[in-house]
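Asks: Its first residue numbered 1, the sequence shown is counted upward by one per residue in UniProt numbering.
For every residue, glycine included, the Cβ atom is placed at its ideal position computed from N, Cα and C.
None of these values were measured; they are calculated from a predicted model.
Here you go, one structure.
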Amino acid sequence: MNIHSIKNIIYLPTSADAHPTRTIHKGSHRKYNIEIEKKMNNLLKIGQNNNWTQTEYKDALRELIRSERANLRSGKTILNKNSIRSKGC
1 MNIHSIKNII
11 YLPTSADAHP
21 TRTIHKGSHR
31 KYNIEIEKKM
41 NNLLKIGQNN
51 NWTQTEYKDA
61 LRELIRSERA
71 NLRSGKTILN
81 KNSIRSKGC
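Written as structure tokens, this is what we have:
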């Protein structure tokens, strides 16, 4: 899978006023990248232990991407300290 594919790209605002719910993308997010790497490595282990076909690997990766995109859209995912929205008064 191409990491620059449109299936892997999502609009994220750089400030809270640019979108009401999406995760704010401002600054680097090394810890998030490491967590995604761990999740992908876990899929690889599961696939190896269960003799997955290429289709099963692709399906699992697509599900991971779907889940991550949903969390980014809802603001559930925190990329770094700049991603945290203030709750107001």
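At the level of alpha carbons, what is the spacing between residue 6 and residue 70?
Replies: Residue numbering aside, residue 6 sits at position 6 when the sequence shown is read from its first letter. Residue numbering aside, residue 70 sits at position 70 when the sequence shown is read from its first letter. Their backbone Cα atoms lie some 15 Å apart in a straight line.
Asks: If we ignore side chains and look at the alpha-carbon of each, how far apart do residue 39 and residue 17 end up?
Replies: As a first step, residue 39 is located in the sequence shown; it is residue number 39 there, counting from the start. As a first step, residue 17 is located in the sequence shown; it is residue number 17 there, counting from the start. Spanning the two alpha carbons is a distance of roughly 31 Å.
Asks: In angstroms, rounded to a whole number, what distance separates the CA positions of residue 33 and residue 78?
Replies: Within the sequence shown, numbered from 1, the residue matching residue 33 stands at position 33. Within the sequence shown, numbered from 1, the residue matching residue 78 stands at position 78. Residue 33 and residue 78: Cα-Cα distance of roughly 11 Å.
Asks: For residue 83, which residues from the same chain have a beta carbon less than 6 Å from its beta carbon, with the 5 sequence-adjacent residues on both sides left out?
Replies: In the sequence shown, counting from the first residue as 1, residue 83 sits at position 83. So the list reads 23, 24, once near-sequence residues are dropped.
Asks: Distance, Cα to Cα, residue 21 vs residue 8?
Replies: By one-based count along the sequence shown, residue 21 stands at place 21. By one-based count along the sequence shown, residue 8 stands at place 8. Computed Cα separation, rounded: 19 Å.
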